[in-house]
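*Asks:* Could you have a look at this structure, given as structure tokens, before my questions?
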Amino acid sequence: MFKAIVSADTLQETLDSVSVLVDECKIHLDDDTLSIRAVDPASVGMVDLDLAATAFESYEADGGLIGVNLSRLEDIAGMADAGQLIQLELDEETRKLHIQIDGLEYTLALIDPDSIRQEPDIPDLDLPAHVAIEGRDIDRAVTAADMVSDHIALGVDTGDDLFYVNAEGDTDDVHLELAPDQLIDLDAGDAHSLFSLDYLKDMNKAIPTTAEVELELGDEFPIKLHFDIADAQGHVTYMLAPRIQSN
Amino acid sequence: MFKAIVSADTLQETLDSVSVLVDECKIHLDDDTLSIRAVDPASVGMVDLDLAATAFESYEADGGLIGVNLSRLEDIAGMADAGQLIQLELDEETRKLHIQIDGLEYTLALIDPDSIRQEPDIPDLDLPAHVAIEGRDIDRAVTAADMVSDHIALGVDTGDDLFYVNAEGDTDDVHLELAPDQLIDLDAGDAHSLFSLDYLKDMNKAIPTTAEVELELGDEFPIKLHFDIADAQGHVTYMLAPRIQSN
Amino acid sequence: MFKAIVSADTLQETLDSVSVLVDECKIHLDDDTLSIRAVDPASVGMVDLDLAATAFESYEADGGLIGVNLSRLEDIAGMADAGQLIQLELDEETRKLHIQIDGLEYTLALIDPDSIRQEPDIPDLDLPAHVAIEGRDIDRAVTAADMVSDHIALGVDTGDDLFYVNAEGDTDDVHLELAPDQLIDLDAGDAHSLFSLDYLKDMNKAIPTTAEVELELGDEFPIKLHFDIADAQGHVTYMLAPRIQSN
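Protein chains in written order, with the working numbering: chain A, 32 to 278; chain B, 32 to 278; chain C, 32 to 278.
Right, dumping it as structure tokens:
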């Protein structure tokens, strides 16, 4: 059983966070939380999303699992105006999701969850460096790095106590250093890893410029990015595997 | 003889209503009205437009007929700012239309009216159901239906006293029901017809979201859509032939 | 030695004025002025730009010459917000330009000036007609002319004391006449020349609609267009060679 009412903004934010990595996903409909875990086809980027029942206008669920086509669901949500409410109701028998927006009813055929790529186990890493940074600074770094290279190094300099971004191209380079007073928080630790810019650009699309983003970093380790959605009633974690550094 | 001054907005609205169906048209320049009738190449959609002399800043005509390339005339009108006035003057000898916008003069070669597809006779049908609906509700229905199908059913349910829209796709469906309190007016009568979404999408482009649109519907009959333009100094009627239903 | 701080707006305006004609250019870094002269590959359009040291927040230079890729430098400047300051510093040894925007450092490899097309000598012509006109009127004339033709005639009618623009297409024509009261200034003299619209469209892109543009015109002679940038701390001159008229 699943029946919920949610604002168009919240639904769009939720779907966008996942659709930057995958086209289809499984959605867990537990009694107090809607949750999604997914990994991209190359197993390089992962997403773990939780949206509390309190993020909804109303929410009733009892532990179901549905498979959805994300871009289709995004298109439907995109028909609603910003403040409008969207009603969702699962028909268990037909395995269809009834979506209502101000009298307009869309009947969406669901996907068999077994046909969707398996959900990843997102490892509980104990990474030495923690950085809290504004979404707009991630956007600036990723946009600039993309002008010169297809990969980007993120690290923490424990000596000078700063977070840095480096991108080295064939002729041009991009470098950004942020000291503690330019960050929301810095818990320095030895960290330097290289990442594919394609993935970070996709993740960056889903990060609001005003969001406070927590980064967890290590030395040639995956990076984790955490941020809130839906007025902190929802939470997204991205994990991105490092690229092997050639020196 | 034809000489007129009209606001850029009014001219654009007029041209757009016709250009969604045809590339070229004949314009009748009668002494108190400018009028256009046209049918698309497949004879599926028709338009009948009247613009009263009172919609113009000034208007002098004596029953002439000109043939124009609509997209060309739209491009010219598009050079004017929203509030600007456009002067039109026909040179009978050269068969050219002189168009002036704030000192800029564009000389447009006209098309021989005889070379343009014949104007349709728009039949005076006595259709059983009449619905008055906001332009934005037509827009919502057409946009949603377009996500699942290439045709759309419009009808009136006399039992439940409501207007409905149905679009059935291979996997997903769209359904919209509007009761009298969600409509401007409903004069129920037996009606259900299937239409090509391509045509309705084109017509929808020319219908302002704030317009009050009168629909006339029947059972496997053409639909007529009426709405005002130019502050009710002009009027547009679209007629769209039904598709044969396969059951 | 070169070290300067400049607003993003001023830098963008400067680069745009030159990039409409060429992809790479030499920049002269004199002690009180930054200047650029360039000619397009076909030697039809030329630009001569001066930006005074006073247009910068701070400026130190001693007569250097650098070669730059304009679109790359425009992309970098485009990362800054409208009001933001951009720091430029030349590393003489590595021949790289260090560009800083709010902590983000971009290291741009310069181009050997000797590998860039030679700078033109812009002739000091004594043209008989001078017209001062708003940028928006140039924009209107060029946009309209582009609808009918690929060349445009500009001239002054000394008899009627007006500046005119003519474009003749295969079927349609565009004509604009501006009398002294519709111009900022008119110093009439015999002038009529035909120009390639492609070049004038490119130059028009860099002319602000609110700019006061000085035109110098002659009879089958090049045209010169002058306008200020950077709150009159900078100045741009375009020169465009005429096309041969076929009569």
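All C-beta atoms, glycine included, are put in the ideal place defined by N, C-alpha and C.
Just to confirm, is the Cβ distance from P159 (chain B) to V70 (chain B) under 8 Å?
*Replies:* In this structure, V70 (chain B) does not lie closer than 8 Å to P159 (chain B) by Cβ.
*Asks:* In chain C, which residues lie less than 9 Å from H206 (chain A) when you measure between Cβ atoms?
*Replies:* The answer, in chain order, is L135, E136, Y137, T138.
*Asks:* Would you kindly report the start and end of the unbroken beta strand (DSSP E) that includes M77 (chain B)?
*Replies:* Unbroken beta strand (DSSP E) run through M77 (chain B): 76-83.
*Asks:* Kindly identify the DSSP beta-bridge partner or partners of N197 (chain C).
*Replies:* Note: N197 (chain C) sits in a beta bridge opposite C:A184, C:H206.
*Asks:* Does the segment 114-129 of chain A come into contact with the segment 71-83 of chain A, if we say contact requires no fewer than three beta-carbon pairs (one atom in each stretch) closer than 8 Å?
*Replies:* Segments in contact, no.
*Asks:* Closer than 8 Å, CB to CB, is L209 (chain B) near chain A or not?
*Replies:* Chain A contact via Cβ: present.
*Asks:* Residues of chain B with a CB under 8 Å from the CB of T41 (chain C): which are they?
*Replies:* Under the 8 Å cutoff, chain B gives no residues; its nearest Cβ is about 29 Å from T41 (chain C).
*Asks:* Mind checking if D181 (chain C) is an interface residue toward chain A, Cβ cutoff 8 Å exclusive?
*Replies:* Chain A, which has no Cβ nearer than 8 Å to the Cβ of D181 (chain C), makes this no.
*Asks:* Could I get the ranges of all uninterrupted alpha helix (DSSP H) runs contained in the segment 211-269 of chain C, with 4 residues as the minimum, in chain order?
*Replies:* Counting whole runs of 4 or more residues, the segment 211-269 of chain C contains the alpha helix (DSSP H) stretches 228-237.
*Asks:* Less than 8 Å between CB atoms is the rule here; does M178 (chain C) satisfy it with respect to chain A?
*Replies:* No, M178 (chain C) lies away from the interface with chain A (no Cβ there is under 8 Å from its Cβ).
*Asks:* Distance check for M178 (chain C) and E199 (chain C), CA to CA, integer angstroms please.
*Replies:* Taking the straight line joining both Cα atoms gives about 10 Å.
*Asks:* Please list, in chain order, the chain C residues whose beta carbon lies closer than 9 Å to that of D106 (chain B).
*Replies:* Chain C residues near D106 (chain B): M178.
*Asks:* Between the segment 231-263 of chain B and chain C, which residues of the former have CB atoms less than 7 Å from a CB of the latter, in chain order?
*Replies:* Correct list: empty, as no residue qualifies.
*Asks:* Can the beta-carbon of A237 (chain B) be found less than 8 Å from the beta-carbon of P253 (chain B)?
*Replies:* For A237 (chain B) and P253 (chain B), no; Cβs fall outside 8 Å.
*Asks:* Is there contact here, the segment 141-151 of chain B with the segment 50-57 of chain B, by at least three beta-carbon pairs under 8 Å?
*Replies:* Result yes; three or more Cβ-Cβ pairs closer than 8 Å.
*Asks:* Roughly how many angstroms lie between the CA atoms of A280 (chain C) and A176 (chain A), to the nearest whole one?
*Replies:* Look at the range of chain C in this structure, 32 to 278, and you will see that residue 280 (chain C) is not part of it.
*Asks:* How would you list, in chain order, the residues of chain C whose beta-carbon sits under 8 Å from the beta-carbon of T189 (chain A)?
*Replies:* Within 8 Å Cβ-Cβ: nothing; T189 (chain A) doesn't reach chain C, min ~19 Å.
*Asks:* Which residues does DSSP list as the beta-bridge partners of S102 (chain A)?
*Replies:* Note: S102 (chain A) sits in no beta bridge, so no partner.
*Asks:* Going by DSSP, what residue range makes up the beta strand (DSSP E) through V162 (chain A)?
*Replies:* Element bounds for V162 (chain A): 160-165.
*Asks:* To the nearest angstrom, how far is it from the Cα of D229 (chain C) to the Cα of S102 (chain A)?
*Replies:* C-alpha separation (whole angstroms): 41 Å.
*Asks:* Should S50 (chain B) go down as buried or exposed, given a rule of 16 or more other Cβ atoms within 10 Å for buried?
*Replies:* S50 (chain B) should be labelled buried.
*Asks:* Since H129 (chain C) and A184 (chain C) should fall inside the 8 Å C-beta cutoff, what is the C-beta to C-beta distance between them, to a whole number of angstroms?
*Replies:* Contact flag wrong, Cβ pair sits at about 48 Å.
*Asks:* Provide the residue span of the alpha helix (DSSP H) that contains Q43 (chain A), from first to last.
*Replies:* Start and end: 39-50.
*Asks:* At 9 Å on the CB atoms, spell out the chain A contacts of M110 (chain C), in chain order.
*Replies:* Within 9 Å Cβ-Cβ: R171, T174, A175, M178.
*Asks:* Would you mind reading off the limits of the beta strand (DSSP E) that contains L119 (chain B)?
*Replies:* Looking at the DSSP string, the run of the beta strand (DSSP E) that includes L119 (chain B) is 116-122.
*Asks:* Shorter than 8 Å from the beta carbon of Q131 (chain A) to some beta carbon of chain C?
*Replies:* Chain C contact via Cβ: absent.
*Asks:* Is it buried or exposed, M32 (chain B), if we count other Cβ atoms within 10 angstroms and call 16 or more buried?
*Replies:* Exposed is the call here.
*Asks:* Can you check DSSP and say which residues form a bridge with L139 (chain C)?
*Replies:* Answer is C:L128, bridged to L139 (chain C).
*Asks:* Which residues in the same chain as I215 (chain B) place their Cβ atom closer than 8 Å to its Cβ, once the five residues preceding and following it in sequence are excluded?
*Replies:* Cβ neighbours of I215 (chain B) beyond the five flanking positions: A163, I164, E165, E243.
*Asks:* Taking its Cβ as the centre, do 16 or more other Cβ atoms sit within 10 Å of G94 (chain B), making it buried, or is it exposed?
*Replies:* Label assigned to G94 (chain B): exposed.
*Asks:* List the residues of chain C that T202 (chain A) touches, going by C-beta distances under 7 Å, in chain order.
*Replies:* Going along chain C in sequence order, the residues near T202 (chain A) (Cβ under 7 Å) are A140.
*Asks:* Rounded to whole angstroms, what is the Cα-Cα separation between L141 (chain A) and V53 (chain B)?
*Replies:* Spanning the two alpha carbons is a distance of roughly 40 Å.
*Asks:* Which residue or residues does DSSP assign as beta-bridge partners of L271 (chain C)?
*Replies:* Partner(s): C:G76, C:I254.
*Asks:* Is the beta carbon of D203 (chain A) sitting closer than 8 Å to the one on L139 (chain C)?
*Replies:* Their beta carbons are under 8 Å apart, which means D203 (chain A) touches L139 (chain C) by this criterion.
*Asks:* Who are V70 (chain A)'s beta bridge partners in DSSP?
*Replies:* For V70 (chain A), which the question treats as bridged, DSSP gives the partners A:M77.
*Asks:* Would you mind working out which of A:Y269, A:G265, A:D191 sits nearest Q43 (chain A), comparing C-alpha positions?
*Replies:* Selected option, being the one with the closest Cα: A:G265.
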